[in-house]
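Student: Chains as they are written, first to last, in my numbering: chain U, 1476 to 1876; chain A, 1476 to 1876. Idealized CB from N, CA, C, for every residue including glycine.
Protein chains: 2
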Amino acid sequence: MKFNFSESVNRMKTSEIRELNKMASTPGLISLGGGMPSPETFPKKDLEEIMDYVMENFADLALQYGNTLGNDGAREVISGMLRKTEGIDTAMKNIIINSGSQQGLYELATVLANPGDTVITEEPTYVGAVSAFSANMLRMEGIEMDHQGMIVEKLEEKIKKLIGEGRNPRFIYVIPTFQNPTGYTMPEERRRVLIEISEKYNIPLVEDNPYGQLRYYGKPVNSIRSMRGGENTIYLGTFSKVMTPGLRLGYTVAPDEVMEKFNLIKQALDLATNSFSQYVALEYVRRGVIYSQIEENKKIYRVKRDRIVSALKENMDGMATWSEPEGGMFVWATLKGDIDTRMMRESAFKNGVAYVSGQAFTTNGTQRSSMRLNFTFGTPDQLEEGIKRIRKTVDSYIGKK
Amino acid sequence: MKFNFSESVNRMKTSEIRELNKMASTPGLISLGGGMPSPETFPKKDLEEIMDYVMENFADLALQYGNTLGNDGAREVISGMLRKTEGIDTAMKNIIINSGSQQGLYELATVLANPGDTVITEEPTYVGAVSAFSANMLRMEGIEMDHQGMIVEKLEEKIKKLIGEGRNPRFIYVIPTFQNPTGYTMPEERRRVLIEISEKYNIPLVEDNPYGQLRYYGKPVNSIRSMRGGENTIYLGTFSKVMTPGLRLGYTVAPDEVMEKFNLIKQALDLATNSFSQYVALEYVRRGVIYSQIEENKKIYRVKRDRIVSALKENMDGMATWSEPEGGMFVWATLKGDIDTRMMRESAFKNGVAYVSGQAFTTNGTQRSSMRLNFTFGTPDQLEEGIKRIRKTVDSYIGKK
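#1: On a CA-only basis, which of U:I1783, U:K1774 and U:Y1676 is nearest U:F1878? Give me that one, please.
#2: Got a sec: is the Cβ-Cβ distance from U:G1802 to anything in chain A below 9 angstroms?
#3: For the alpha helix (DSSP H) that contains A:I1740, what are its first and last residues?
#4: Assign U:F1805 to one of three DSSP states: helix, strand, or coil.
#5: Is DSSP giving A:S1750 helix, strand or coil here?
#6: What is the C-beta distance between U:V1869 and U:L1787, in whole angstroms, given that I count them as a contact (C-beta under 8 angstroms)?
#7: Using the beta-carbon count (16 or more within 10 Å), is A:P1512 buried or exposed?
#8: Which residues mark the beginning and the end of the alpha helix (DSSP H) in which A:S1767 is found?
#9: For the segment 1621-1670 of chain U, which segments carrying the beta strand (DSSP E) assignment without a break, of at least 3 residues, lie completely within its bounds, in sequence order?
#10: Tell me, please, which residues DSSP counts as bridged to A:A1795.
#11: For A:S1845 and A:E1859, I'd like the C-alpha separation in whole angstroms.
#12: List, in order along the chain, the chain A residues whose C-beta lies closer than 7 angstroms to that of U:Q1768?
#13: What number of angstroms, rounded off, separates the C-alpha of U:G1571 from the C-alpha of U:E1582?
#14: Assuming A:S1586 and A:V1728 make a contact with CB atoms under 8 angstroms, what is their CB distance in whole Å?
#15: When the Cα atoms are used, what is the spatial distance from A:G1562 to A:T1713?
#16: Please report the Cβ distance between A:V1594 and A:A1835, rounded to the nearest whole angstrom; I am assuming they are in contact, meaning their Cβ atoms lie under 8 angstroms.
#17: Count the other CB atoms, across all protein chains shown, that sit within 10 Å of the CB of U:E1515; report buried if there are 16 or more and exposed otherwise.
#18: Examine chain U for any beta-carbon lying closer than 9 angstroms to the beta-carbon of A:Q1688, and answer yes or no.
#19: Can you check whether the C-beta of A:A1823 is within less than 9 angstroms of a C-beta belonging to chain U?
#20: Are the CB atoms of U:D1745 and A:Q1577 within a distance shorter than 9 angstroms?
#21: Since A:S1576 is in the alpha helix (DSSP H), which residue starts that stretch and which ends it?
#22: Spatial neighbours of U:S1752 within its chain, please: C-beta separation below 6 angstroms, excluding the five flanking residues on both sides.
#23: Check the Cβ of A:R1723 against every Cβ in chain U and list those closer than 7 angstroms, keeping chain order.
#24: Check each candidate in A:S1506, A:E1631 and A:S1554 and name the one with the smallest Cα separation from A:E1616.
#25: Should U:L1418 and A:A1534 be called a contact, given that it needs their Cβ atoms to be closer than 9 angstroms?
#26: So what does DSSP say about U:T1868, is it helix, strand or coil?
#27: In chain order, what residues of the same chain have a beta carbon less than 6 angstroms from the beta carbon of A:P1656, not counting five sequence neighbours either side?
#28: Show which residues of chain U have a CB atom less than 8 angstroms away from the CB atom of A:D1535.
#29: Please say whether U:L1538 and A:F1850 have beta carbons closer to each other than 9 angstroms?
#30: Is it right to say A:D1592 is buried, meaning 16 or more other beta carbons lie within 10 angstroms of its own, or is it exposed?
#31: DSSP beta-bridge partners for U:I1553?
#32: Should U:I1638 be labelled buried (16 or more other beta-carbon atoms within 10 Å of its own) or exposed?
#33: By DSSP, does A:M1511 sit in helix, in strand, or in coil?
#34: Secondary structure at A:A1829, three-state DSSP: helix, strand or coil?
#35: Compute the Euclidean distance between the alpha carbons of A:G1624 and U:L1544, then round it to the nearest angstrom.
#36: Specify the secondary structure class of U:R1843 as computed by DSSP and reduced to three states.
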């Protein structure tokens, strides 16, 4: 007996990221495509020790169902960490621990908006946000960016237009620091204007900050949530880049008024986050291992960032423009001429290199000549070789056209 | 600046289970309310050893992002386990590993139905299903049960009525073995009729089986998924009751046609399940520890089940009726006379005992004289004392009325 499953809505299209995962094990392939941290940044010895400690001392709790909003001890140390690394002042009661930051994005979409509502994002924006918002049937309006992130004048124009159409936006979602996919960082002055616009039109701000702790160059910029007027910003963070992604731990900081809604949706989604992971993270932060590991990661990634940027200079000069991010995990490169990077993917793959095409990150069908290049996963030599292979691909692709 | 968050839909109401969690740490309270396994069933020594092994041999993968549908090795051993304990024949490619079975329920609601659609459940049904289905704005129609589970004649009547109203049900959700909250088990003959009805009206069947491996008495009943004609049943299972709930691992078995949809929603929900937990479960099953642990759990819980049933006989005879489940975690008790168990909860709490009132499990506002009593978490003595306290509560509550 086969059922007819065809009537349920297809809320999402197959994503390029999925295809990438399938190719990941191809021998010889250099992937600049995924968003994976390097295993050399995993604090294995520390985690082994901490896991033993947790099993010795807290097994009954670490293996049991936990509270929906998260383990109180873990929420407490996250509060302390946010004060220390981000200057964010938040009580433990305003922290929700999620099964990765992706879950935080999904929760947002259900707590702050209803199906059919409009939300504002950067254009391009994080593919996982597109996926979480689409799954909740939200309409995304992307705001153009320059090297300083979302262009706030265009934001205000768009808000006025949307309000005029009766489509009041439910929230403004930004990744202001080392944005995914572009690597751009929004300077403090622009963040201030963003807060003003959010206040003026009474539209909640959402700050997603998975990379802020990984700055390799330049002066830190305050997080929006830590700024005056930014106290009601909803803030998303993660342990994926400063501990490990496999333990699936992210967190949301949210105002009192919405905590109950987060609690209810989290319960519907998976009852509670992995207790064991939370105990491990609790110890990892409490012992301060996280702070030395962040410094370690920065050393490793700074070298890689330099290598990919210099490889781009050597190989792509005049053929493309690219961001030179001061931190994070990604470089955004845009090819000159009329090249569709999605069409070019197959040639690139044949040449032994993978990237994610710009279209994966778009809210409006643009970005077709761009590509996102990850520089945290490969070795420095692989990164250089990967860029050479992209150059080779572009050369032959132009030749064929 | 405070935003106006009030416009987003309240998809769910505060649940009794949440309140229960808050009370859980009250000194002296005997909780028959939660659905927690006993920590004495956690295979701590084995898990410690397995965790060390995973960190020694697979740390780079166990700490990294994993595939959205799950670790292939883990999917493979789950396929083997299902063959062995449930007689279910399924390929690894039809298994999705979830962050707990709750996530499987949430996924179902998005993959098989659209907001506003109608689905069929047992009445009463699992509170987590009510929560996942409500969050997706599904309308639930509960079918009355007797001691043999869902009454299939009433099911067919209801389906005809719904189709007549243009509300074709999207799926039929059942917990046929040691049902939550009632403890009832549907005999094979009735399962067969269920399959027939599902075929006749082309409505997919969903079999949720978190307790099937925990049978203390009687002859095993085949799972619907393992029966002839049941091959396209969507099946939900979990490691929470036969390993630990804190590692948050559940799984869905689904037909080819819907795997891509499950993949996409899972990616939107949390990218992938905890890799470390999956490696641990893989080893736990591969080494066969799970099978001896299941036998261990059955020994421990059989004693508890007997104790709560005998305590009910001694203390509640003539005042209530109750189920005498052959397995699982719950007894369903219904008080005689016009007692609202939700109203009585506060008195019970003052007397040092907690339960979940019948209304928490209803799809239609009934079940007000019933209560769900968990017998896996407390010690046998606590279970007996808990029932005595309920008796005392009923006595004084009737006196006061």
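Tutor: A quick look at the data gives this:
#1: Limits of chain U in this structure are 1476 at one end and 1876 at the other, which puts residue 1878 of chain U out of reach.
#2: For this step, residue 1802 of chain U is matched to residue 327 along the first sequence. It does not: the Cβ of U:G1802 has no partner Cβ on chain A nearer than 9 angstroms.
#3: Within the second sequence, the letter at position 265 stands for residue 1740 of chain A. Note, A:I1740: alpha helix (DSSP H), D1731 to D1745.
#4: Here residue 1805 of chain U refers to the residue found at position 330 of the first sequence. Of the three classes helix, strand and coil, the one that applies to U:F1805 here is strand, per DSSP.
#5: Here the question's residue 1750 of chain A lines up with position 275 in the second sequence. In the structure shown, A:S1750 sits in a helix (DSSP, three-state: H, G or I).
#6: Here residue 1869 of chain U refers to the residue found at position 394 of the first sequence. Here residue 1787 of chain U refers to the residue found at position 312 of the first sequence. The Cβ separation is near 12 angstroms, so there is no contact.
#7: Your numbering for residue 1512 of chain A matches position 37 in the second sequence. Classification for A:P1512: buried.
#8: The sequence position of residue 1767 of chain A within the second sequence is 292, counting from 1. Residues V1764 to M1791.
#9: 1647-1649
#10: The residue you call residue 1795 of chain A lines up with position 320 of the second sequence. For A:A1795, which the question treats as bridged, DSSP gives the partners A:D1792 and A:L1810.
#11: On the second sequence, position 370 is the one that residue 1845 of chain A refers to. On the second sequence, position 384 is the one that residue 1859 of chain A refers to. When rounded, the separation of the alpha-carbon atoms in A:S1845 and A:E1859 is 19 angstroms.
#12: As a working mapping, residue 1768 of chain U is identified with position 293 in the first sequence. Correct list: empty, because the minimum Cβ distance to chain A is about 12 angstroms.
#13: Here residue 1571 of chain U is taken as the residue at index 96 of the first sequence, counted from 1. Here residue 1582 of chain U is taken as the residue at index 107 of the first sequence, counted from 1. The question names Gly, but residue 1571 of chain U is Ile in the sequence shown. For U:I1571 and U:E1582, the distance between alpha carbons rounds to 10 angstroms.
#14: Here the question's residue 1586 of chain A lines up with position 111 in the second sequence. Here the question's residue 1728 of chain A lines up with position 253 in the second sequence. Checking the sequence, you will find Val at residue 1586 of chain A rather than Ser. With 8 angstroms as the limit, A:V1586 and A:V1728 do not qualify as a contact, their Cβ atoms being about 13 angstroms apart.
#15: For the purposes of this step, residue 1562 of chain A is taken as the residue at position 87 of the second sequence. For the purposes of this step, residue 1713 of chain A is taken as the residue at position 238 of the second sequence. For A:G1562 and A:T1713, the distance between alpha carbons rounds to 16 angstroms.
#16: Taking the second sequence and counting its residues from 1, one reaches residue 1594 of chain A at position 119. Taking the second sequence and counting its residues from 1, one reaches residue 1835 of chain A at position 360. Not a contact, Cβ separation roughly 19 angstroms.
#17: Numbered from 1 along the first sequence, position 40 holds the residue referred to as residue 1515 of chain U. Classification for U:E1515: exposed.
#18: To locate residue 1688 of chain A, count along the second sequence from 1; it is residue 213. In terms of beta-carbon proximity, A:Q1688 stays away from the interface with chain U, with every pair separated by 9 angstroms or more.
#19: Taking the first residue of the second sequence as 1, we reach residue 1823 of chain A at position 348. For A:A1823, the answer is no, since every Cβ of chain U falls outside 9 angstroms of its Cβ.
#20: Start at 1 with the first residue of the second sequence, and residue 1577 of chain A comes out as number 102. Start at 1 with the first residue of the first sequence, and residue 1745 of chain U comes out as number 270. Yes, the Cβ-Cβ distance between A:Q1577 and U:D1745 is below 9 angstroms.
#21: To locate residue 1576 of chain A, count along the second sequence from 1; it is residue 101. It spans S1576 to V1586 - the alpha helix (DSSP H) in which A:S1576 sits, taken as one unbroken run.
#22: Reading the first sequence from its first residue, position 277 is the one you call residue 1752 of chain U. L1722 and L1724.
#23: One-based indexing of the second sequence puts residue 1723 of chain A at position 248. What A:R1723 touches in chain U: D1745 and N1749.
#24: As a first step, residue 1616 of chain A is located in the second sequence; it is residue number 141 there, counting from the start. Of the candidates A:S1506, A:E1631 and A:S1554, the one whose C-alpha sits nearest the C-alpha of A:E1616 is A:E1631.
#25: Residue 1418 of chain U falls outside the range modelled here, since chain U spans only 1476 to 1876, and no answer is possible.
#26: Locating residue 1868 of chain U in the first sequence gives position 393, where the first residue counts as 1. Helix, per DSSP.
#27: On the second sequence, residue 1656 of chain A is found 181 positions in, with the first residue counted as 1. Closer than 6 angstroms at the Cβ level, and outside the excluded window around A:P1656, lie P1599, F1805, W1807, F1836 and R1847.
#28: Residue mapping note: residue 1535 of chain A aligns to position 60 of the second sequence, counting from 1. Simply P1514 and F1517.
#29: As a first step, residue 1850 of chain A is located in the second sequence; it is residue number 375 there, counting from the start. As a first step, residue 1538 of chain U is located in the first sequence; it is residue number 63 there, counting from the start. Contact: no.
#30: What you label residue 1592 of chain A is simply residue 117 of the second sequence in a count that begins at 1. So A:D1592 ends up on the buried side.
#31: What you label residue 1553 of chain U is simply residue 78 of the first sequence in a count that begins at 1. Bridge partners of U:I1553: none, in fact.
#32: Numbered from its first residue, the first sequence carries residue 1638 of chain U at position 163. When all chains shown are included, U:I1638 counts as exposed.
#33: Along the second sequence, one-based indexing puts residue 1511 of chain A at 36. Reduced to three states, the DSSP call for A:M1511 is coil.
#34: Here residue 1829 of chain A refers to the residue found at position 354 when the second sequence is read from its first residue. Correct three-state label for A:A1829: strand.
#35: In the second sequence, the residue the question calls residue 1624 of chain A occupies position 149. In the first sequence, the residue the question calls residue 1544 of chain U occupies position 69. Distance between the alpha carbons of A:G1624 and U:L1544: 34 angstroms.
#36: Working through the first sequence from its first residue, we reach residue 1843 of chain U at position 368. Here U:R1843 sits in coil by DSSP.
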